[in-house]
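>
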């Protein structure tokens, strides 16, 4: 059994830290109506928790993520969350992509912003492949 710690949990997001593998899994539940403010609250909670643990990567399961991220929210993420990720030592982010075209596009646009480019980001349709990439020997996670 893997050692895990739940870092953050609300109606929309559950964030779990895999202590041995050194990565955080963010799982968007698709429950309820996700607003910009709830997104900010969740992202801030996870980023603060990442600062307290030795996480090196984040795997984001967006299969049920249904919030198109506006340009303003993308900017907020890059100005507020990315610096906390970098301070925490997060070097890689893997995304399991949603089927929602607009939500997927906005996620990719957010991660293409200049500050977010400081983290290596890849997109996947398969959880095992995403985790394998995140855990690759050159990732710095192990």
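In the UniProt record's numbering, the protein residues as written are 1 to 142. Glycine residues also receive a C-beta, built at the ideal position from the N, C-alpha and C atoms. From a predicted model like this one, the values you see are computed outputs, not experimental measurements.
Count the other C-beta atoms from every protein chain shown that fall within 10 angstroms of the C-beta of residue 57, then say buried if there are 16 or more, exposed otherwise.
buried
> CA-CA distance, residue 131 and residue 94?
8 Å
> Output needed for residue 60: all residues of its chain with C-beta closer than 6 Å, excluding positions within five of it in sequence on either side, in chain order.
26, 95
> Please state whether DSSP places residue 42 in a helix, a strand or coil.
helix
> Comparing C-alpha positions only, which one of 81, 97, 91 sits nearest to residue 129?
97
> Within 10 Å of its beta-carbon, does residue 81 have 16 or more other beta-carbons around it, so buried, or fewer, so exposed?
buried
> Classify residue 119 as helix, strand or coil using the three-state DSSP reduction.
coil
> Just the C-alpha distance for residue 39 and residue 69, rounded to the nearest angstrom, thanks.
9 Å
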